[in-house]
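*Asks:* Right, I'll just put the structure down here and ask away after.
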Amino acid sequence: MSTLSEMLSSDFLLRNALIGSVVVGLVCPLVGVYFVLRRMIFLGVALPQLSAAGVACAFLLKSLVGVHQHGEAAERALALVGSLGFAFVGLLILAALERQGRETLEARIGIAYAFAAAASILFVSADPYGEAEMTHLIRGDIVTTTGANLRLLVGVLGVVALALLALRKELLLVSFDRDMAIVLGKRVALWDTLLYLLIGVTISFGVMTAGPLVTFGFLVVPPLTARLITRHMLTFSLVAAAFGAFTGFTGFYIAYRFDLPLGPTDVVLAIVLLALVATTRETTRIARARRHRH
Amino acid sequence: MTALVSLDGVSLGYGGRPILEHVSLVVERGEFAALLGPNGAGKTTLFRGILGLIPLLGGRIEYGFNRRATPPGYVPQKESLDPIFPLTGYEVVLMGAAARVPPLWPVGRHRRQLATECLVRVGLTEAAEQPFWALSGGQKQRVLIARALAVEPQLLLLDEPTAGVDPGAEAAIIDTIARLNRDEGLTVIIVSHHLRLVRAVVRSVIWVEAGEAVKGTAAEMLSTERLVDAFGVAGGRPS
Chain G
599 MSTLSEMLSS DFLLRNALIG SVVVGLVCPL VGVYFVLRRM IFLGVALPQL SAAGVACAFL
659 LKSLVGVHQH GEAAERALAL VGSLGFAFVG LLILAALERQ GRETLEARIG IAYAFAAAAS
719 ILFVSADPYG EAEMTHLIRG DIVTTTGANL RLLVGVLGVV ALALLALRKE LLLVSFDRDM
779 AIVLGKRVAL WDTLLYLLIG VTISFGVMTA GPLVTFGFLV VPPLTARLIT RHMLTFSLVA
839 AAFGAFTGFT GFYIAYRFDL PLGPTDVVLA IVLLALVATT RETTRIARAR RHRH
Chain B
906 MTALVSLDGV SLGYGGRPIL EHVSLVVERG EFAALLGPNG AGKTTLFRGI LGLIPLLGGR
966 IEYGFNRRAT PPGYVPQKES LDPIFPLTGY EVVLMGAAAR VPPLWPVGRH RRQLATECLV
1026 RVGLTEAAEQ PFWALSGGQK QRVLIARALA VEPQLLLLDE PTAGVDPGAE AAIIDTIARL
1086 NRDEGLTVII VSHHLRLVRA VVRSVIWVEA GEAVKGTAAE MLSTERLVDA FGVAGGRPS
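Line order of the protein sequences matches chains G and B. In our numbering, each number is its position in the first sequence, counted from 1, plus 598. In our numbering, each number is its position in the second sequence, counted from 1, plus 905.
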């Protein structure tokens, strides 16, 4: 209890990290809902990996031009440019291949993931300072979140969340029935691009804040949990976001209380929550079926 | 009668390769037309061409209405929609009702009322709060018809609405469509394999075969000779 009080106090040392964790947990599932509904879950693995490769590429370019002594803000900005650049280019290439119908979705995503993973390793190995920087990134260096970084994160992800909620009827129609959307005169490619843009921004900020593993976990697991207990689109999104925020907060508590790494703690907690909800739902269904039989 | 859809020398196909060539026909306002023909003849290609889902390789299609202001009502095959989406029957219909609401604008009370009315028109008020994926095949199809009606179309296009539906529901669906055409004057184009049900209600048939499409009255186009030629049977449901 004292740990919880400490976390909730205004002078908590890791307050920025705690808020960042909750914000990433809140917004990633709002984007992840579309990954689940469009059956593109593995894109949730490939894109954070591409984003991480972008960070590694940016650090390598920095080393190659011989600049090592920049401020923390400049370093983050550089990493963000690399992350966003790789995520967007990856998304646009995947979208173009989808329009041309080249290979299956799984094949395209698999190739993107393999490329991203290999490129990350190559960029890091070519960069004398890369290993330390990438280790931070892969583990998720959320504890080092500064006030400025947090404000940027809250501002950008806040805009993403508002856009997803405000444009949900168009994004839903384009995702659910593409042909109907075309017949109704909707610019499907434009809506897809906007969705990809929101996905790219969320993933880049998620990876920069919490690392690719946590970002993937928050993108996919809370929507899968919410899918089990909701039957309306809006409640699906909101419950997924609530599960994500709860995981972000509780994961932080557990990691802080038991001195565990935050990223893996978040992911394991999200999966435990999924298992609990699935088990409760199945038990309730069996009990109901038995009651009907009697 | 005035022309609602006119095809003039239309060629359609995929990847630049034509499947149908030089199709010229007119669908009149208030008409109930069936798109029929053997499997693989190009019925779906013509249907998708009329909907604007595939680009024309040649010729032109003219609509006797403003397609942007009043888009056609489109009823896809229910199997083409993914059951993973957590949507109730009402929410599916609301997609049609919200079609003309600009982005960022909320769906107002009038549009919500329209969605409810469309469910009533297809006799499906009980499905409003049921999950769409949990409905029977016939109920799903009627929800999709309600969604098409919620667009407030002048032209309704249905892609095999009785496919995978039990016989009782098949008749109810065809009755619903026939009523919409008869009582409300809605122009209907329906793709179907179900000759027996369709021939009883349609006035005209667009027969698609061997890269061509020909239109005539139901009596002319569904003659015994033509059906035996196409399917080896004189009616019923071809394979």
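Glycine is no exception: its CB is placed at the ideal position from the N, C-alpha and C atoms. Nothing here was measured: the structure is a model prediction, and the numbers come from that model.
Quick one: Cα of residue 756(G) to Cα of residue 673(G), how far?
*Replies:* Taking the first residue of the first sequence as 1, we reach residue 756(G) at position 158. Taking the first residue of the first sequence as 1, we reach residue 673(G) at position 75. Their backbone Cα atoms lie some 23 Å apart in a straight line.
*Asks:* Going along the chain, which residues of the region 772-803 of chain G sit with their C-beta nearer than 7 Å to a C-beta in chain B?
*Replies:* Listed by position along the chain: 774, 775, 777, 778, 780, 781, 782, 783.
*Asks:* Quick check on this structure: which residue in 1101(B), 1012(B), 1026(B) has the alpha carbon closest to the alpha carbon of residue 1072(B)?
*Replies:* Within the second sequence, the letter at position 167 stands for residue 1072(B). Among 1101(B), 1012(B), 1026(B), the Cα nearest to that of residue 1072(B) is on 1101(B).
*Asks:* Using Cβ-Cβ distances below 7 Å, what residues of the region 825-842 of chain G are close to chain B?
*Replies:* So the close ones are 825, 828, 829, 830, 831, 834.
*Asks:* CB residue 1059(B) to CB residue 958(B), shorter than 8 Å?
*Replies:* By 1-based counting over the second sequence, the position of residue 1059(B) is 154. By 1-based counting over the second sequence, the position of residue 958(B) is 53. Not a contact, by the Cβ cut-off of 8 Å.
*Asks:* For residue 630(G), which residues from the same chain have a beta carbon less than 6 Å from its beta carbon, with the 5 sequence-adjacent residues on both sides left out?
*Replies:* By one-based count along the first sequence, residue 630(G) stands at place 32. Correct list, in chain order: 817, 818, 821.
*Asks:* Please tell me whether residue 1036(B) has its Cβ less than 8 Å away from any Cβ of chain G.
*Replies:* On the second sequence, position 131 is the one that residue 1036(B) refers to. Yes, its Cβ sits closer than 8 Å to a Cβ of chain G.
*Asks:* May I have the straight-line CA-CA distance separating residue 1023(B) from residue 616(G), to the nearest angstrom?
*Replies:* For the purposes of this step, residue 1023(B) is taken as residue 118 along the second sequence, with counting starting at 1. For the purposes of this step, residue 616(G) is taken as residue 18 along the first sequence, with counting starting at 1. Cα-Cα distance, rounded: 48 Å.
*Asks:* Pull up the distance between the alpha-carbon of residue 782(G) and that of residue 635(G), whole angstroms please.
*Replies:* Walking along the first sequence from the start, residue 782(G) turns up at place 184. Walking along the first sequence from the start, residue 635(G) turns up at place 37. Distance between the alpha carbons of residue 782(G) and residue 635(G) is about 21 Å.
*Asks:* Within its chain, find whatever has a CB closer than 8 Å to the CB of residue 1017(B); leave out the 5 residues flanking it on each side and keep chain order.
*Replies:* Within the second sequence, residue 1017(B) is the residue found at index 112, counting from 1. Here the set comprises 999, 1002.
*Asks:* From which residue to which residue does the beta strand (DSSP E) around residue 892(G) run?
*Replies:* Position 294 of the first sequence holds residue 892(G). Taken as a continuous stretch (DSSP letters only), residue 892(G) belongs to no beta strand (DSSP E), as it is neither H nor E.
*Asks:* Spell out whether any CB of chain G is found under 8 Å from the CB atom of residue 919(B).
*Replies:* For the purposes of this step, residue 919(B) is identified with residue 14 of the second sequence, where counting begins at 1. Not an interface residue.
*Asks:* Does the CB of residue 990(B) have a neighbour CB from chain G at under 8 Å?
*Replies:* Translated into positions along the second sequence, residue 990(B) becomes position 85. Yes, because at least one Cβ of chain G sits closer than 8 Å to the Cβ of residue 990(B).
*Asks:* Just checking: is the beta-carbon of residue 637(G) within a distance shorter than 8 Å of some beta-carbon in chain B?
*Replies:* Residue 637(G) sits at position 39 when you count from the first residue of the first sequence. Cβ-Cβ to chain B under 8 Å: yes for residue 637(G).
*Asks:* Straight-line CA distance for residue 984(B) to residue 832(G)?
*Replies:* Your numbering for residue 984(B) matches position 79 in the second sequence. Your numbering for residue 832(G) matches position 234 in the first sequence. Taking the straight line from one Cα to the other gives about 24 Å.
*Asks:* With a CB to CB cut of under 6 Å and the five nearest residues on each side skipped, what residues in its chain are close to residue 967(B)?
*Replies:* Within the second sequence, numbered from 1, the residue matching residue 967(B) stands at position 62. Here the set comprises 911.
*Asks:* In its own chain, which residues sit with a C-beta less than 6 Å from the C-beta of residue 1037(B), not counting the 5 before and 5 after it?
*Replies:* Start at 1 with the first residue of the second sequence, and residue 1037(B) comes out as number 132. So the list reads 992, 994, 997, once near-sequence residues are dropped.
*Asks:* Counting pairs of beta carbons, one from the region 716-725 of chain G and one from the region 647-655 of chain G, are three or more of them closer than 8 Å?
*Replies:* They touch, by the three-pair rule.
*Asks:* Please report how far the alpha carbon of residue 793(G) lies from the alpha carbon of residue 638(G), in whole angstroms.
*Replies:* Locating residue 793(G) in the first sequence gives position 195, where the first residue counts as 1. Locating residue 638(G) in the first sequence gives position 40, where the first residue counts as 1. Distance between the alpha carbons of residue 793(G) and residue 638(G): 13 Å.
*Asks:* Could one say the Cβ of residue 689(G) lies closer than 8 Å to chain B's Cβ atoms, at least one of them?
*Replies:* Taking the first sequence and counting its residues from 1, the one referred to as residue 689(G) is at position 91. No, its Cβ sits nowhere closer than 8 Å to a Cβ of chain B.
*Asks:* Could you check whether the region 680-688 of chain G touches the region 831-845 of chain G, counting it as contact only if at least three pairs of C-beta atoms, one from each stretch, sit closer than 8 Å?
*Replies:* Result no; under three Cβ-Cβ pairs closer than 8 Å.
*Asks:* State the CB to CB distance for the pair residue 969(B) and residue 1054(B), rounded to an integer number of angstroms; the pair is presumed to be in contact (CB under 8 Å).
*Replies:* In the second sequence, counting from the first residue as 1, residue 969(B) sits at position 64. In the second sequence, counting from the first residue as 1, residue 1054(B) sits at position 149. Not a contact, Cβ separation roughly 19 Å.
*Asks:* Looking at the structure shown, is residue 619(G) part of a helix, part of a strand, or coil, going by DSSP?
*Replies:* As a first step, residue 619(G) must be located in the first sequence, where it is residue number 21. Of the three classes helix, strand and coil, the one that applies to residue 619(G) here is helix, per DSSP.
*Asks:* What first and last residue would you give for the alpha helix (DSSP H) that runs through residue 1053(B)?
*Replies:* On the second sequence, position 148 is the one that residue 1053(B) refers to. Where residue 1053(B) is concerned, the enclosing alpha helix (DSSP H) stretches over 1042-1054.
*Asks:* Kindly list the residues whose CB is nearer than 7 Å to the CB of residue 828(G), restricted to its own chain and excluding five residues on each side of it in sequence; keep chain order.
*Replies:* Taking the first sequence and counting its residues from 1, the one referred to as residue 828(G) is at position 230. Taken in chain order, the residues that qualify are 834, 837.
*Asks:* Three-state secondary structure (DSSP) at residue 876(G)?
*Replies:* As a working note, residue 876(G) is residue 278 in the first sequence. The answer is helix: DSSP assigns residue 876(G) an H, G or I state.
*Asks:* Given a limit of 7 Å on CB to CB distance, which residues of the region 753-765 of chain G reach chain B?
*Replies:* From the region 753-765 of chain G, only 764, 765 have a Cβ closer than 7 Å to chain B.
*Asks:* So, with DSSP's three-state summary, where would you put residue 1072(B)?
*Replies:* Along the second sequence, read from residue 1 onward, the residue named residue 1072(B) stands at position 167. Looking at residue 1072(B) - three-state DSSP - the assignment turns out to be helix.
*Asks:* Kindly indicate which three-state DSSP category residue 965(B) falls into: helix, strand or coil?
*Replies:* In the second sequence, the residue the question calls residue 965(B) occupies position 60. Looking at residue 965(B) - three-state DSSP - the assignment turns out to be strand.
*Asks:* Would you call the CB atoms of residue 1048(B) and residue 1029(B) closer than 8 Å?
*Replies:* In the second sequence, residue 1048(B) corresponds to position 143, counting from 1. In the second sequence, residue 1029(B) corresponds to position 124, counting from 1. For residue 1048(B) and residue 1029(B), yes; Cβs fall inside 8 Å.
*Asks:* Does any residue of chain B have a CB that is nearer than 8 Å to the CB of residue 768(G)?
*Replies:* Sequence index remark: in the first sequence, residue 768(G) carries index 170 (1-based). Cβ-Cβ to chain B under 8 Å: yes for residue 768(G).
*Asks:* Taking 8 Å as the threshold (beta carbon to beta carbon), is residue 996(B) in contact with chain G?
*Replies:* For this step, residue 996(B) is matched to residue 91 along the second sequence. It does; some Cβ of chain G falls within 8 Å.
*Asks:* Which residue spans inside the region 1106-1137 of chain B form an unbroken alpha helix (DSSP H) run of at least 4?
*Replies:* Fully enclosed alpha helix (DSSP H) runs of 4 or longer: 1123-1126, 1129-1136.
*Asks:* On the premise that residue 1067(B) lies in contact with residue 1078(B), defined as a C-beta separation below 8 Å, what is that separation, rounded to the nearest angstrom?
*Replies:* Taking the second sequence and counting its residues from 1, the one referred to as residue 1078(B) is at position 173. Taking the second sequence and counting its residues from 1, the one referred to as residue 1067(B) is at position 162. Indeed they touch by this definition, with Cβ atoms about 6 Å apart.
*Asks:* Can you list, in chain order, the residues of its chain with a C-beta nearer than 7 Å to that of residue 752(G)? Leave out the 5 residues immediately preceding and following it.
*Replies:* Residue numbering aside, residue 752(G) sits at position 154 when the first sequence is read from its first letter. 621, listed in sequence order.
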